[in-house]
Amino acid sequence: MRFRSANPVIGRLTHQTKSHASAYSATYQGVVMKSALLLGIMVVFGVISASRVFGSEGLTTGTLIFLIASPIIALISVFIAMAKPQVAPFFSIIYAICQGTFVGFLSGLYEVAFGGGIVLTAVTATASVFGGMLLLYSTGLFRVSQQLRRILLTALVGLIFTSFFVFIFSMLGVIDTSSEGFITIIFAISVISVVVASLFLMVDFDNIRTLVSNGADKQYEWVLSLGLLVTLVWLYVELLRLIAILRSRR
């Protein structure tokens, strides 16, 4: 079975499963356990990073440099893990540490700026969306077709370009960032991003099912777990931004 995914980790794996399949095949339990481990590492480093926002000691130069570099390191780790599954355990953990540090600090900033337990609200919303999507997929009420994959990929590319141009125009002063029109554009982008990220969870579930069914080597459990975490982080950040916009418009 051939398929594509816009998730940078999972999309290239199907054509590799036949050549790597062995008696030590990937299992759902293995993917779940490794996903839980990576998520746990990410939460721990996220909490540590968020505490920097509330701490009185402030940010050191070294910490600030790492915060800037962490999302770049995380992105590089994702592509290395995708290209070299044998080193995926190491780079998956690197991703969890770096992305957890960055997202944790970002969450702390949102909590300070908007208060009211916005982070807890976003975490709860992310867990709810994940549970809902998993239920819809596991019960067969929602099927992932090739057409849906193409639509989501197109939507993702559109979101990336739209966000890029909005950012550039706002930096150049072409768009008034305090205007109602700008806020409406950002709100629309956030809503669409949440919907697309949620649907990509379905694609990830389907990709994992296909790879496990095809007998992918056990080393791909790390790659699949990392891919799922990438989507979850994306969904969480978009929900955090959407909730912040809604609160600022009250």
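Start counting the sequence shown at 1; every next residue gets the next number (the working numbering).
C-beta atoms are modelled at their ideal positions from N, C-alpha and C, and glycine is treated no differently.
On a predicted model such as this, the values are computed, not experimentally measured, just so you know.
Outcome for Phe45 when other beta-carbon atoms lying within 10 angstroms are tallied against a minimum of 16:
buried
Please classify Ser248 as buried or exposed, where buried requires at least 16 neighbouring CB atoms within 10 angstroms.
exposed
Among Leu64, Ile94, Thr27, Ile68, the one whose alpha carbon lies nearest that of Val230:
Ile94
DSSP beta-bridge partners of Asp176
Asp176 pairs with nothing; no bridge assigned.
Is Ser145 buried or exposed, if buried means 16 or more other CB atoms sit within 10 Å of its CB?
exposed
For the alpha helix (DSSP H) containing Tyr220, name the first residue and the last one.
220-248
Nearest to Phe105 by CA position, among Asp204, Met42, Met33, Leu199, is which residue?
Met42
Quick check on this structure: which residue in Asp176, Arg149, Leu239 has the alpha carbon closest to the alpha carbon of Asp204?
Arg149
Around the Cβ of Glu180, are there at least 16 other Cβ atoms within 10 angstroms (buried) or fewer (exposed)?
exposed
Determine the closest residue to Ile245 out of Ile80, Ser178, Leu64, with distance taken between C-alpha atoms.
Ser178
Gly117, buried or exposed, once every other Cβ within 10 Å from all chains shown has been counted against 16
exposed
Could you pull out every residue in the same chain whose Cβ sits closer than 7 angstroms to the Cβ of Val129, ignoring the five residues on either side in sequence?
Ser198, Leu235
How should Leu239 be labelled, buried or exposed, when 16 other C-beta atoms within 10 angstroms of its C-beta is the threshold for buried?
buried
Kindly list the residues whose CB is nearer than 8 angstroms to the CB of Asn31, restricted to its own chain and excluding five residues on each side of it in sequence; keep chain order.
What sits at residue 31 in the sequence shown is Val, not Asn. Cβ neighbours of Val31 beyond the five flanking positions: Ile208, Val212, Glu221, Leu224, Ser225, Leu228.
By how many angstroms is the C-alpha of Leu134 removed from the C-alpha of Ala155?
21 angstroms
Which of the three DSSP states is assigned to Ser145 in this structure?
coil
On the CB-based measure, 16 or more other CB atoms within 10 Å of its CB, does Tyr28 come out buried or exposed?
exposed
Rounded to a whole number of angstroms, what is the C-alpha to C-alpha distance between Gly158 and Asp217?
34 angstroms
Is it true that the CB of Ser70 sits closer than 8 angstroms to the CB of Phe102?
yes
Cβ-based burial, Val119 [other Cβ within 10 Å; buried from 16]:
buried
Taking C-beta to C-beta, are Leu242 and Ser190 nearer than 8 angstroms?
yes
Let me make sure I understand the geometry here. Which of Asp206, Ala96, Val174 has the alpha-carbon closest to that of Thr139?
Asp206
Hey, Leu109 and Val47 are a contact pair by Cβ (cut 8 angstroms); roughly how many whole angstroms apart?
Not really, about 14 angstroms apart at Cβ, beyond 8 angstroms.
Which residues in the same chain as His97 place their Cβ atom closer than 7 angstroms to its Cβ, once the five residues preceding and following it in sequence are excluded?
Note that residue 97 corresponds to Ile in the displayed sequence, not to His. So the qualifying residues of the chain are Ile41, Phe45.
In whole angstroms, give me the CA-to-CA distance for Val87 and Ala81.
6 angstroms
For the alpha helix (DSSP H) containing Val129, name the first residue and the last one.
118-138
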